[in-house]
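Visitor: There's a structure below that I have some questions on.
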Amino acid sequence: MNIEERRGRRVVASHGIARAAFRAGGVFGLVAVGWAIWVLWQGGSWWGPLHAFLAGTVLLAIAGATQLFTITWAAAPAPPADLANGQRWALIVGVGLVLAGMGLSEVWALIAGTALVVIGLGLLGYSLWSAVHRSLLRRFDLSARFYLLAVSAGAIGVVLGGVMGSGLAGNQVSDLRLVHSHLNLIGLVGLTIVGTLPTILPTFAHHKAVSGNESKVAWWLAVVAVAAIAAGLFVGELAVGAGSVAAGLSLALILAGVLLRLGKRGLEGGLPYLQVTIGAAWLGVWALVDGVRLLLGTTPVRFSAWTAAVVIAGVGQVLLGSVAYLLPVLAGPPPRLGRNLAITHAYPWLPLVLANAAAIAFIAGLPVVGVVATGVWLGDFAGRLLRMEWPSRNEGGG
Numbered sequence: 037m038n039i040e041e042r043r044g045r046r047v048v049a050s051h052g053i054a055r056a057a058f059r060a061g062g063v064f065g066l067v068a069v070g071w072a073i074w075v076l077w078q079g080g081s082w083w084g085p086l087h088a089f090l091a092g093t094v095l096l097a098i099a100g101a102t103q104l105f106t107i108t109w110a111a112a113p114a115p116p117a118d119l120a121n122g123q124r125w126a127l128i129v130g131v132g133l134v135l136a137g138m139g140l141s142e143v144w145a146l147i148a149g150t151a152l153v154v155i156g157l158g159l160l161g162y163s164l165w166s167a168v169h170r171s172l173l174r175r176f177d178l179s180a181r182f183y184l185l186a187v188s189a190g191a192i193g194v195v196l197g198g199v200m201g202s203g204l205a206g207n208q209v210s211d212l213r214l215v216h217s218h219l220n221l222i223g224l225v226g227l228t229i230v231g232t233l234p235t236i237l238p239t240f241a242h243h244k245a246v247s248g249n250e251s252k253v254a255w256w257l258a259v260v261a262v263a264a265i266a267a268g269l270f271v272g273e274l275a276v277g278a279g280s281v282a283a284g285l286s287l288a289l290i291l292a293g294v295l296l297r298l299g300k301r302g303l304e305g306g307l308p309y310l311q312v313t314i315g316a317a318w319l320g321v322w323a324l325v326d327g328v329r330l331l332l333g334t335t336p337v338r339f340s341a342w343t344a345a346v347v348i349a350g351v352g353q354v355l356l357g358s359v360a361y362l363l364p365v366l367a368g369p370p371p372r373l374g375r376n377l378a379i380t381h382a383y384p385w386l387p388l389v390l391a392n393a394a395a396i397a398f399i400a401g402l403p404v405v406g407v408v409a410t411g412v413w414l415g416d417f418a419g420r421l422l423r424m425e426w427p428s429r430n431e432g433g434g
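The opening residue of the sequence shown carries number 37 in my numbering; numbering runs sequentially from there.
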């Protein structure tokens, strides 16, 4: 088999992994929206919609995208199909059991689901490590380190969530919740974003990856962040606050380095570039503000309107902004690619206004407005997807 044939198989395999993960994540996204509507109508906890989105949609998107990026940008071989399928189904079934276990107060389902999610994260970490380890190129090593650190943080965070949900936390529920939320939102989600920014933002603008010495500083800040947040189990809020600040600084360094190097050319990336940039800024500000509040001993930004805001305008914008670029790529080559990009990039002001207005509405204490704006934003995104051209079965797509 020649080099071009190996590259073709690698690209096809990576696209298949990403498509399958994104489809599963989309299902959990629908569950999150439906659950949020139910909470608004009947009342209840926002735990369900939040975890359906973060543990379901976002985690599966992370699994698909990190493998796609690693295989593609590191020119690495794809993992065996059984490994990729097992990893994805472990996350799908695990998250489903966690949601059902909490919703129905079935501890066995919660524990089984937690175990499966941890297994899924472990398989994801192994897949990423083995891909980079077998690559002859070292250009993606730093990003892969961020991914592996993020997966490790997520695994610890998921275990803590299972301990809390099963009732084994006792009087340490508050401490565990604080560490759990930060390891997952800042560690798993945030550091995945940090590791991806130097490659994905330039890609949007048709530019080669950019990074400098600030990336190395950001990496060590990320290591300190995860260690400090995890130490919060024993040290308390000060350690979690220090970790949040370190993570916020890590993200700020990477984002500033990329934006300054790209300059005005970055704006050629259109809607995906703007949404990922603004979303990363939301997440960075949240981490810094939250960390400073914890260090000062004031009320931290926990499960609150601020959390809802950063999930929507931060994580949500990064996710949908990335997908607005990735799905057309996964749908096929030119001329279909150009037509699909025109659909997902059209009217960039609409999703930008809706996403950020929704976050501001939650912060202002207007959850109904926030949910409506979020719903319209997701509806607009769904409409774009429905207008996209997808490959026929004869082309081997889908």
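For every residue, glycine included, the Cβ atom is placed at its ideal position computed from N, Cα and C.
The structure presented is a predicted model; accordingly, all values stated were derived computationally and were not measured.
(1) Check for me: the alpha helix (DSSP H) holding Trp-318 runs from which residue to which?
(2) Per the contact definition of three or more C-beta pairs closer than 8 Å, is the stretch 101-108 in contact with the stretch 229-247?
(3) Considering only residues of the same chain and omitting the five flanking positions on each side of Ala-126, which have a CB-CB separation below 6 Å?
(4) Helix, strand or coil for Tyr-361 per DSSP?
(5) With 9 Å as the threshold, decide whether the Cβ of Leu-95 is near any Cβ in chain C.
(6) Near Met-138, what residues of its chain come up, given a Cβ to Cβ distance below 8 Å and the 5 sequence neighbours on each side ignored?
(7) Cβ atoms of Leu-96 and Arg-124: under 9 Å apart, would you say?
(8) Out of curiosity, what's the CA-to-CA distance linking Arg-175 and Ala-114?
(9) Measure the Cβ-Cβ separation of Gly-100 and Phe-64 and say whether it is below 9 Å.
(10) Unbroken beta strand (DSSP E) runs of length 3 or more, entirely within the stretch 157-225: which are they?
(11) Whose C-alpha, out of Leu-366, Ile-128, Gly-272, is nearest the C-alpha of Leu-331?
(12) Taking DSSP as the reference, what is the three-state secondary structure of Ala-345?
(13) On the criterion of 16 or more Cβ atoms from any shown chain inside 10 Å, does Asn-121 qualify as buried, or is it exposed?
(14) Determine the direct distance from the alpha carbon of Pro-369 to that of Leu-221, and round the result to whole angstroms.
(15) Which residues in the same chain as Ala-264 place their Cβ atom closer than 6 Å to its Cβ, once the five residues preceding and following it in sequence are excluded?
(16) Locate the alpha helix (DSSP H) running through Met-138, then write down its first and last residues.
(17) Does the beta-carbon of Gly-226 have 16 or more other beta-carbons within 10 angstroms, so that it is buried, or is it exposed?
Guide: Straight from the coordinates:
(1) For the purposes of this step, residue 318 is taken as the residue at position 282 of the sequence shown. First-last of the alpha helix (DSSP H) with Trp-318: 306-332.
(2) yes
(3) Along the sequence shown, one-based indexing puts residue 126 at 90. Contacts found: Leu-152, Ile-155, Gly-156.
(4) Counting from one through the sequence shown, the residue named residue 361 turns up at place 325. Correct three-state label for Tyr-361: helix.
(5) Reference to chain C is not applicable here, since this structure consists of a single protein chain.
(6) Mapped onto the sequence shown, residue 138 falls at position 102. Cβ within range, chain order: Trp-83, Gly-84, His-87, Leu-146, Gly-201.
(7) Within the sequence shown, the letter at position 88 stands for residue 124. Within the sequence shown, the letter at position 60 stands for residue 96. In contact: Arg-124 and Leu-96 (Cβ atoms closer than 9 Å).
(8) Counting from 1 along the sequence shown, the entry for residue 175 is found at position 139. Counting from 1 along the sequence shown, the entry for residue 114 is found at position 78. Each residue's Cα considered, the two are about 17 Å apart.
(9) Start at 1 with the first residue of the sequence shown, and residue 100 comes out as number 64. Start at 1 with the first residue of the sequence shown, and residue 64 comes out as number 28. No. Outside cutoff.
(10) none
(11) Taking the first residue of the sequence shown as 1, we reach residue 331 at position 295. Leu-331 has its Cα closest to that of Gly-272, out of Leu-366, Ile-128, Gly-272.
(12) Here the question's residue 345 lines up with position 309 in the sequence shown. Of the three classes helix, strand and coil, the one that applies to Ala-345 here is helix, per DSSP.
(13) Here residue 121 refers to the residue found at position 85 of the sequence shown. Exposed, since its Cβ has fewer than 16 Cβ neighbours within 10 Å.
(14) Residue mapping note: residue 221 aligns to position 185 of the sequence shown, counting from 1. Residue mapping note: residue 369 aligns to position 333 of the sequence shown, counting from 1. So the alpha carbons of these two residues sit roughly 34 Å apart.
(15) What you label residue 264 is simply residue 228 of the sequence shown in a count that begins at 1. Closer than 6 Å at Cβ, skipping near neighbours: Ala-275, Ala-278, Gly-279.
(16) Position 102 of the sequence shown holds residue 138. Where Met-138 is concerned, the enclosing alpha helix (DSSP H) stretches over 117-140.
(17) Walking along the sequence shown from the start, residue 226 turns up at place 190. Buried, by the Cβ-count rule.
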